[in-house]
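S.K.: The structure's right below; bear with me while I get my questions together.
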Amino acid sequence: MALMTAPFRILTVTWSEDLPHFALLRDSLAMSRLAHIPHDVVVQSEDLPRFEAFRGGTVVLQGSDSVLPPPVESRRRVARRWQARAGRHGTRLLGSVSRRTGWPRWVRYTGWHTQQLSKLAAVAASESDTVVIMDSDVVVTPRAHPEDFAPAGAIPCFSEWQPESALLGKVRTWQHTAHRLFDRQIPLDAQVDCYFDTPFVFHVPAVRELLDFLERRYDKCWWEVLLALPPRGWSEFCIYKTYLKHVAMHEVDRRDTALFGYLFDASNPARLADDFKELADRGNCHYITIHSQSAGRRLWSAQGSTDCIRDCLARLRIPA
214 MALMTAPFRI
224 LTVTWSEDLP
234 HFALLRDSLA
244 MSRLAHIPHD
254 VVVQSEDLPR
264 FEAFRGGTVV
274 LQGSDSVLPP
284 PVESRRRVAR
294 RWQARAGRHG
304 TRLLGSVSRR
314 TGWPRWVRYT
324 GWHTQQLSKL
334 AAVAASESDT
344 VVIMDSDVVV
354 TPRAHPEDFA
364 PAGAIPCFSE
374 WQPESALLGK
384 VRTWQHTAHR
394 LFDRQIPLDA
404 QVDCYFDTPF
414 VFHVPAVREL
424 LDFLERRYDK
434 CWWEVLLALP
444 PRGWSEFCIY
454 KTYLKHVAMH
464 EVDRRDTALF
474 GYLFDASNPA
484 RLADDFKELA
494 DRGNCHYITI
504 HSQSAGRRLW
514 SAQGSTDCIR
524 DCLARLRIPA
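Below you can see the structure in the form of structure tokens.
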């Protein structure tokens, strides 16, 4: 019965390299008040056997081939093989070339891009009206509560504001790409929402409307519209938020991100445990993201950091 009455569903889109972090995410959810929330997990199809142990209970496990359109799934597999040959730096270089010339096309189908498409496709097909995206590098603390994401008469939207003039790098690119997609411009004196991390809340009817809008406006499949954008030059979260602000007619409940904490250096497991505990003990910190591994730098062992965080979680208690 708990699964039927849950106020939202959690969605994680992941792959084999993030397995240690995903296992920690699952452990942290099990030790929290979100343990009963249904958890949809989409894994790159060839990696599915490595995640089978998580299937069952609240976890609904499926491969990317059951979420992505067949042409995208096929090209994703080809892109993964090319990416393995080119390496991380070679892939980034070819991505830069593709942004200028349109070639090679395969870089548009790498995991970073197709995971964004998987999120949108899975959300659009969801049985719930609210889906909370949690990437594998999120750790849920015992202070987490279902009310953190429950709608209250409007679409929950966690936001962090910056002036347009302060935008830099990829965030600036994402903002301007999203606004061009809807034939909008960002005023120079505007404040723009720059929270594109997870947890991230999607309102399912709004996502369906967004995808339908893109297909009607551009006269092609929504995923073709997005994959035609410059490689790494777009964000599904930014596009969704821009749609909510400029096109959708829904009322939006803007919420600050005080519930979320971040750790960027896992090079010293003991120090990481102390930093994690300090954040977890902070009364308003419910979710902690450990960004170090997702950045691809691989400067330290994932296992060393996840083990110390798991020990720290075991010593914490769910507040009464």
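To convert, count from 1 in the sequence shown and add 213; that's this note's numbering.
C-beta atoms are modelled at their ideal positions from N, C-alpha and C, and glycine is treated no differently.
Remember, it's a predicted structure, so these values are computed and weren't measured experimentally.
1. So which of PRO262, ILE223, PRO284 has the shortest CA-CA distance to VAL254?
2. Identify, in the order they occur along the chain, each residue of the same chain with its Cβ nearer than 6 angstroms to the Cβ of ARG445, setting aside the five sequence neighbours on each side.
3. Between the C-alpha atoms of GLU377 and ASP406, what's the straight-line distance to the nearest angstrom?
4. Using the rule of at least 16 other Cβ atoms within 10 Å of the residue's Cβ for burial, across every protein chain shown, is GLY474 buried or exposed?
5. Assign PRO400 to one of three DSSP states: helix, strand, or coil.
6. Check this for me: beta carbons of GLN328 and THR227, under 9 angstroms apart or not?
7. So which of GLU230, HIS234, HIS249, ASP494 has the shortest CA-CA distance to PHE221?
8. Only counting runs of 4 or more residues, tell me where the alpha helix (DSSP H) segments fall wholly within the segment 434–521, in order along the chain.
9. List the residues that DSSP assigns as beta-bridge partners of ILE368.
10. Could you give the distance in angstroms between the alpha-carbon of ALA508 and the alpha-carbon of ARG301?
11. So, using beta-carbon positions, are VAL336 and PHE395 closer together than 9 angstroms?
12. Quick check: LEU529 and ILE501, are their CB atoms within less than 9 angstroms of each other?
13. Within its chain, find whatever has a CB closer than 7 angstroms to the CB of SER331; leave out the 5 residues flanking it on each side and keep chain order.
14. Just mark PRO532 as buried or exposed, buried being the case when its beta carbon has 16 or more other beta carbons within 10 Å.
15. Output the distance between the C-alpha atoms of ALA471 and ALA236, rounded to the nearest integer angstrom.
M.R.: The relevant details are as follows:
1. Relative to VAL254, the option among PRO262, ILE223, PRO284 whose CA is nearest is ILE223.
2. Around ARG445: GLY308.
3. Their Cα atoms are separated by approximately 9 angstroms.
4. GLY474 is buried by the Cβ-count criterion.
5. Here PRO400 sits in coil by DSSP.
6. Remark: C-beta atoms of GLN328 and THR227 approach each other more closely than 9 angstroms.
7. The shortest Cα separation from PHE221 among GLU230, HIS234, HIS249, ASP494 belongs to HIS249.
8. Counting only runs of 4 or more, we get 435–440, 449–459, 482–494.
9. Answer by DSSP bridge pairing, in chain order: VAL465.
10. Any answer about ALA508 is weak, because its pLDDT of 42 lies below 50 and its placement is not dependable; what the coordinates show is given next. Rounded to whole angstroms, ALA508 to ARG301 spans 11 angstroms at the Cα level.
11. For VAL336 and PHE395, no; Cβs fall outside 9 angstroms.
12. Judged by their CB atoms, LEU529 and ILE501 are not nearer to each other than the 9 angstroms cut-off.
13. In chain order, VAL226, VAL255, SER277, VAL280, LEU281 place their CB closer than 7 angstroms to the CB of SER331, counting only its own chain and leaving out the 5 sequence neighbours on each side.
14. Exposed: under 16 other Cβ atoms inside 10 Å.
15. Whole-angstrom Cα-Cα distance: 25 angstroms.
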